[in-house]
Amino acid sequence: MARPQQWSEDDVLEFVTLKAGGQSYCIEITQIREIRRWSPVTALPQAESAVLGVMNLRGAVIPIVDLAARLGLGKCDASPRHVIMVVAVGDKTVGLLVDSVSEILSVSGDQICEAPAMGRGDVPSSILGLISIEEGMSRILSPSVLLPNVLREVA
Amino acid sequence: MSRDDLKATFFAECEDLLEQLSEGSQEMIAGTADDDTVNAIFRAVHSIKGAAGAFGLENLVTFAHCFETVLDRVRSGDLVPDTDALHTILRSGDMLADLVELAQSDSTEIPEAMPAILDKLNELSGAEHTAAAGADAAADMDMDGGFFGFQPLILDPIDEDEPSETMAEAGFRIRLTASSDLFRNGHDPVLLFSELAALGQIETQCDLSALPVDEAFDPERCYLNWDLTLRGQVAEDAVRDVFMFLEDLCVIEPIGDPVAVGTAGGDPFPVEAAADPASVDISPPRVSMDESAPPDPAPAPIELALSAETGAPARAAASAEPVDRPKGPAKAAAAVPQTTLRVDPERVDRLINTVGELIINQAVIAQKLLEMGLASNSDIMSDLDDYQYLARELQEGVMAIRAQPVKPLFQRMQRIVREASDSLGKEVVLVTEGEGTEIDKTLVERLAEPLTHMIRNAVDHGIESPEKRVAAGKSALGTIRLSAAHRSGDVLIEIADDGAGLNRKRILEIAVSKGLIPADAKLSEPEIDNLLFMAGFSTAEKVTNLSGRGVGMDVVKTAITSLGGKVSISSRPGEGTSFSISLPLTLAVMDGMVIHAASQTLVAPLSSVLETIRPRPQDVVPYGREGRLLSIRGTYVPIVHLGNLLGFSCGDEITSDNILILIRSERSGHVALAVDEISDQRQVVVKSLEGNYGAIEGISAATILGDGRIALIIDTDAILTLAGDLGRDVALIEETQHGKTAAMV
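Quick mapping for you: the protein sequence lines, in order, are chains A and B.
Once you know that position 91 of the first sequence is 91 in full-length UniProt numbering, the rest is easy, because the numbers rise by one and skip nothing.
Once you know that position 689 of the second sequence is 689 in full-length UniProt numbering, the rest is easy, because the numbers rise by one and skip nothing.
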């Protein structure tokens with residue numbers, strides 16, 4: 001299968017895999033700042049439904065995005081068992097609410113397959129590529145999908 | 001340092017230099033300038049030219065060259081500037097600032113006004129200096145790297161400084177180098193120094209740099225080097241006699257001979273003698289070590305002298321100046337600017353953020369300890385008080401780093417007045433006071449626009465034309481007074497003109513004709529004055545390109561309000577109008593009221609809260625289907641349910657159980673916010689939401705509370721806009737009640 005353009009064949013890459021809405025996704029490790037427990041957030045007025053609110057990350061105010069809701073997999077009922085992945089997208093920092101963080105995948109560029117086009121809808125455009133893992137496959141998330149809508153034009 | 005870094009440094013320095021330039025030109029205009037001022041201006045322009053050449057900024061070099069030529073003539077006394085010439089100098093300063101700005105944005109565009117100013121400069125500098133010569137200079141600067149070409153010019157004023165007196169002064173500089181044999185051969189430096197002291201005044205500086213700190217130290221060896229300065233009229237032979245047995249170890253050099261020092265680059269201590277009749281002046285030897293010497297007035301010149309060894313030509317010439325002359329060192333001290341630190345503002349911001357965190361962290365700990373049920377008189381609680389005190393202290397200190405004097409801002413206003421008065425054919429002078437008043441850097445930046453607008457307004461609308469002024473028995477020259485002062489935790493900025501004062505009749509007419517107030521409204525004088533701040537109000541009878549673009553004072557007011565400030569106006573017919581702006585010292589913290597609405601915690605800026613009200617049931621009057629009005633002191637104010645408005649709750653009813661917060665809006669009168677509870681009033685650290693999220697209507701920023709949770713800070717103006725629909729409904733009532741509403745303020 002064709003390989004997405006942004007990775008060359010001999011790149012050695014590391015991804016962190018996570019579960020959101022029952023599916024496996026992954027994000028390149030260089031984007032991840034930290035992983036922390038869920039704690040209640042402060043809701044924002046006029047926010048899209050996937051943006052749960054803002055959280056205090058050592059003094060920085062960061063928005064928390066419900067990744068499952070963002071990907072159209074239904075709202076996540078946040079509990080202390082859930083995890084916030086703090087990721088950097090460009091110069092913005094965003095927290096992602098996910099079910100769990102699984103492992104670190106070390107793959108070479110030729111192990112990444114291009115995401116097949118699936119008609120319309122923005123879910124496929126949020127996937128940069130696929131990696132086969134033991135229990136199936138993990139979807140590489142496009143950084144722009146991680147941002148709240150208000151920031152997406154910027155990124 | 002990369003070239004880009006260098007360039008950034010250059011522009012940062014340009015800012016300072018332009019400031020000096022503008023300051024100096026002001027002094028020239030005011031007639032308070034002395035030779036130093038002109039020299040300072042010249043040097044500023046010259047330094048800009050030099051560095052601009054190094055970066056190949058040709059427009060800048062060309063212009064600076066012509067400007068400099070004129071200044072050089074003024075400096076040398078060739079040209080005594082008349083009013084016109086001074087005007088050109090001021091203009092040129094502005095142009096230079098423009099060119100620096102253009103260069104900063106990598107633009108090579110030539111400003112429209114530049115050729116005209118260049119012509120004037122050429123006129124002033126005499127026929128031989130043409131624009132072409134300027135261009136040549138640009139090329140020259142480019143070729144030789146620029147930085148060194150201009151240094152001799154800096155030395156000029158010093159060379160002219162009474163050379164005969166310099167020559168008359170005598171003395172020697174002696175360097176005694178360490179040797180393994182010094183002690184072994186039975187020499188004792190102290191004895192040598194006392195002998196020297198018998199000849200004249202001696203100053204000693206010990207150089208410890210050769211002293212080994214590890215096991216290589218040999219106690220029998222002398223590692224010390226001395227730099228001695230012997231002053232007084234001493235014969236060289238007498239000095240040489242002292243060092244008779246140490247000739248290989250020391251270099252003796254007469255001081256006070258600029259030529260000899262000038263060649264210092266090659267041979268640091270030429271041993272030519274200038275023998276003078278000996279005169280004995282006994283004073284005890286003063287041995288000062290670098291590390292321990294108390295900095296008394298004497299060491300300063302020595303340091304200058306020593307720097308001659310490093311080959312810095314400017315310093316070398318400075319050292320040629322006689323030191324005993326009282327004027328010399330004093331002048332040098334005055335010329336050395338207070339040392340400052342150039343710090344990337346980002347670093348300071350990071351520090352401020354961290355300190356903000358510390359304070360929040362302190363609050364978190366305090367809250368947790370309280371929850372643990374510790375007695376408030378326990379040791380840990382008193383330690384916590386210390387912690388709080390130190391944290392606040394630290395915060396104040398860090399905030400002070402960001403504080404900047406308003407001087408550069410005020411100086412920019414000079415230019416605005418100049419340009420505005422020129423284009424309107426008015427004569428206006430701007431007098432500034434309290435330029436040293438310090439306010440937060442962000443405030444300085446964000447004040448620029450409203451202040452510019454107000455100053456333009458004052459020139460355009462405030463000050464009358466010269467004819468009218470003379471007819472009114474005033475001087476043709478109008479005065480605008482711009483002052484800054486600290487007033488009980490706030491900064492007060494006042495802009496006062498001595499113009500005709502507000503034309504209240506005209507203001508009323510306009511307000512009525514624009515439908516801002518009903519025709520039969522009875523307003524007090526301050527109320528009329530405040531109409532100026534209403535949106536869509538502009539009194540200019542004809543629209544000029546300066547002010548009266550329809551944006552007017554309401555924009556100014558909005559800008560000031562967004563900075564957490566207030567603006568007010570007062571006016572006396574025939575005597576002038578004055579605006580006062582009061583601003584908080586910083587934007588990083590503000591006083592807020594912690595409120596709860598629809599189970600959310602929010603913060604309302606205390607500056608916009610007028611009062612809090614627990615209404616009686618009869619005070620909350622139904623209005624329309626869901627609307628409620630608050631009846632307060634005979635007037636009606638719309639009530640807005642804050643939770644509903646922000647979308648935290650939906651369709652909650654406003655009852656008399658709610659607590660009402662009466663807030664003032666700059667644009668649309670008053671509104672009462674219905675909330676569930678007021679829990680606290682405290683200082684909060686303001687955190688931007690826009691960094692990682694974006695702007696939210698109705699919310700200006702966020703803060704972190706004692707429990708570490710984020711609370712949103714409401715934007716009272718935007719809240720009123722959000723509540724606009726409701727506002728329109730009650731507009732009718734408001735209008736009929738207008739007089740009373742305004743009176744309530």
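The beta-carbon is built from N, C-alpha and C at its ideal position, and this holds for glycine as well.
Residue i (DSSP reduced to helix, strand or coil)
i, result
"B/H461", "helix"
"B/P638", "strand"
"B/I510", "helix"
"A/V150", "helix"
"A/D10", "coil"
"B/H65", "helix"
"B/M454", "helix"
"B/D490", "strand"
"B/C14", "helix"
"B/T39", "The question names Thr, but residue 39 of chain B in the sequence shown is Asn. The answer is helix: DSSP assigns B/N39 an H, G or I state."
"B/D4", "helix"
"B/S105", "coil"
"B/R240", "helix"
"B/D498", "coil"
"B/P326", "Reliability fails at B/P326, whose pLDDT of 43 lies under 50, so the model's placement of it is uncertain and the value that follows must be treated cautiously. B/P326: coil per DSSP, three-state reduction."
"B/I359", "helix"
"B/E19", "helix"
"B/T204", "strand"
"residue 764 of chain B", "An answer regarding residue 764 of chain B cannot be provided, because it is not within the stretch 1 to 745 covered by chain B."
"B/S562", "helix"
"B/D520", "coil"
"B/A674", "strand"
"B/H46", "helix"
Amino acids of chain B, ordered along the chain, whose beta-carbon sits closer than 9 Å to that of residue i
i, result
"A/P116", "Simply none; closest approach about 33 Å."
"A/L151", "N692, Y693 and G694"
Where the beta strand (DSSP E) containing residue i begins and where it ends
i, result
"B/V686", "B/V686 -> no beta strand (DSSP E), and no H or E assigned at all."
"B/M114", "B/M114 -> not in any beta strand (DSSP E); alpha helix (DSSP H) instead, spanning M114 to S125."
"B/I710", "I710 to I714"
"B/N225", "N225 to R231"
First and last residue of the uninterrupted alpha helix (DSSP H) at residue i
i, result
"B/F217", "Unbroken run through B/F217: none, as it is neither H nor E."
"B/T612", "Segment V609 to I613 is the beta strand (DSSP E) holding B/T612; no alpha helix (DSSP H) there."
"B/K566", "From DSSP, B/K566 is part of no alpha helix (DSSP H) but of the beta strand (DSSP E) over K566 to R572."
"B/E433", "Segment V428 to E433 is the beta strand (DSSP E) holding B/E433; no alpha helix (DSSP H) there."
Partner residues on chain B for residue i, Cβ-Cβ distance less than 8 Å
i, result
"A/M55", "I710"
"A/V83", "None at all; the shortest Cβ gap to chain B is about 19 Å."
"A/P148", "Y693 and G694"
Chain A contact residues for residue i, given Cβ-Cβ distances below 9 Å
i, result
"B/L689", "L44, V54, V61 and P63"
"B/G698", "P45 and Q46"
Proximal chain A residues relative to residue i, where beta-carbon distance stays under 7 Å
i, result
"B/A702", "V54 and V61"
"B/N353", "G59"
Within chain A, partners of residue i - CB distance below 8 Å
i, result
"residue 746 of chain B", "Since the first residue of chain B shown is 1 and the last is 745, residue 746 of chain B is not available in this structure."
"B/Q600", "T42 and A43"
Partner residues on chain B for residue i, Cβ-Cβ distance less than 7 Å
i, result
"A/R33", "Correct list: empty, because the minimum Cβ distance to chain B is about 12 Å."
"A/K92", "N692"
"A/R58", "E357"
Validate contact between the stretch 625-640 of chain B and the stretch 683-700 of chain B using beta carbons, cut 8 Å, 3 pairs: no
Sufficient close CB pairs (3 or more, under 8 Å) joining the stretch 19-31 of chain A to the stretch 63-74 of chain A: yes
Start-end ranges of the beta strand (DSSP E) lying completely within the stretch 393-423 of chain B, minimum 3 residues: 403-405
Sufficient close CB pairs (3 or more, under 8 Å) joining the stretch 434-446 of chain B to the stretch 468-475 of chain B: no
At least 3 beta-carbon pairs within less than 8 Å: the stretch 32-49 of chain B vs the stretch 62-81 of chain B: yes
The stretch 607-622 of chain B in contact with the stretch 373-382 of chain B per 3-pair CB rule at 8 Å: no
Start-end ranges of the alpha helix (DSSP H) lying completely within the UniProt domain "CheW-like" (12-152) of chain A, minimum 4 residues: 67-70, 143-146 and 149-152
Three-pair Cβ contact test at 8 Å for the stretch 82-92 of chain B versus the stretch 46-61 of chain B: no
Inter-stretch contact (C-beta, 8 Å, three-pair minimum) for the stretch 557-564 of chain B and the stretch 442-455 of chain B: yes
Any 3 or more C-beta pairs closer than 8 Å across the stretch 338-353 of chain B and the stretch 39-57 of chain A: no
Cβ contact (3+ pairs, closer than 8 Å) linking the stretch 93-113 of chain A and the stretch 53-69 of chain A: yes
Contact the stretch 99-110 of chain A vs the stretch 4-18 of chain A: 3+ CB pairs below 8 Å: yes
Segment contact, 8 Å Cβ cut-off, at least three pairs: the stretch 586-605 of chain B with the stretch 483-502 of chain B: no
Three-pair Cβ contact test at 8 Å for the stretch 427-435 of chain B versus the stretch 393-401 of chain B: no
At least three beta-carbon pairs within less than 8 Å, the stretch 406-414 of chain B to the stretch 515-530 of chain B: no
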